[in-house]
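Before any comments, here is the structure.
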Amino acid sequence: MTGCSALLPLNYRNYEGKDAATVVVIDPKGFVGTFYLSIYEKKGACFDRDERYELVSNFLPSEGRVLTGKVQPGRLMAFQQLNAAGQWGDGTQEYNKAGYVESRWASFIPQPGKRYFLDSHYGVREIPADYAVTVYTEPAKLFSEFKTPVEPNWDATNRCHHSIGGS
Numbered sequence: 007m008t009g010c011s012a013l014l015p016l017n018y019r020n021y022e023g024k025d026a027a028t029v030v031v032i033d034p035k036g037f038v039g040t041f042y043l044s045i046y047e048k049k050g051a052c053f054d055r056d057e058r059y060e061l062v063s064n065f066l067p068s069e070g071r072v073l074t075g076k077v078q079p080g081r082l083m084a085f086q087q088l089n090a091a092g093q094w095g096d097g098t099q100e101y102n103k104a105g106y107v108e109s110r111w112a113s114f115i116p117q118p119g120k121r122y123f124l125d126s127h128y129g130v131r132e133i134p135a136d137y138a139v140t141v142y143t144e145p146a147k148l149f150s151e152f153k154t155p156v157e158p159n160w161d162a163t164n165r166c167h168h169s170i171g172g173s
């Protein structure tokens, strides 16, 4: 069934192993779009999407919430944000009256027992288990407090491209 989940996203279910890592994402108030968590495998010269999970999809502006999940460590993961921009998104992109879809990625390889904050604009940072994340947490401030990029990591710009289902 994983082949299907590479094209059609599944709803995410928490990993239940004792070695689970924790991921934290802010679905900001007013956000219209979709957040995905994808799992990749190295295939030749690129990384191929094996599984794709929809974390949340907002057709109407979000009320704002914090999403938390448990993930299996050691897997090549990417957090993706898709949202509309342009005339039908926010009305500000006059050069493209039809609008467009913006996609941002943040890659990481979770480690056992670690806790990660994911943000498609800033990337991924490891945060302490007792660090409080709310809908009012400012990602820029969090990333200035936790400056060290996560290691190990992988290059999400080197995803395999397919004619059906994207990358």
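Under our numbering, think of the first position of the sequence shown as 7, with each following residue one higher. Glycine included, each C-beta is placed from N, C-alpha and C at the ideal position.
Is residue 30 closer than 8 Å to residue 88 when the C-beta atoms are compared? no
With burial defined as no fewer than 16 other Cβ atoms inside 10 Å of the residue's Cβ, what is the status of residue 8: buried or exposed? Any reading at residue 8 is ruled out, since the residue's pLDDT is 43, under 50, leaving its predicted position unreliable.
Shortest alpha-carbon distance to residue 136 belongs to which of 160, 112, 121, 161? 121
Less than 8 Å separating the beta-carbons of residue 60 and residue 20? no
Tell me which residue opens and which closes the beta strand (DSSP E) that residue 149 is part of. Careful: residue 149 lies outside any beta strand (DSSP E), inside the alpha helix (DSSP H) at 145 to 151.
Whole-angstrom Cβ separation of residue 26 and residue 77, contact assumed at under 8 Å? 7 Å
Name the residue from 167, 129, 144, 143 whose alpha carbon lies nearest to the alpha carbon of residue 157. 129
Could you give the distance in angstroms between the alpha-carbon of residue 168 and the alpha-carbon of residue 159? Here the alpha carbon of residue 168 sits roughly 23 Å from the alpha carbon of residue 159.
Any idea what DSSP makes of residue 162, helix, strand or coil? DSSP places residue 162 in helix when its eight states are reduced to three.
Roughly how many angstroms lie between the CA atoms of residue 139 and residue 85, to the nearest whole one? 17 Å
Rounding to the nearest angstrom, what Cα-Cα distance links residue 118 and residue 36 in this structure? 33 Å
Could you check if residue 150 is buried or exposed, using at least 16 other CB atoms within 10 Å of its CB as the buried criterion? exposed
Where residue 120 falls: helix, strand or coil (DSSP): Residue 120: coil per DSSP, three-state reduction.
Less than 8 Å separating the beta-carbons of residue 113 and residue 83? yes
Chain-order list of residues whose beta-carbon lies under 8 Å from that of residue 24 (same chain, five-residue window excluded): none
Could you give the C-beta distance for residue 70 and residue 33, rounded to a whole number, given that I count them as a contact under 8 Å? 7 Å
Determine the contact status of residue 143 and residue 74, defining contact as a CB-CB distance below 8 Å. no
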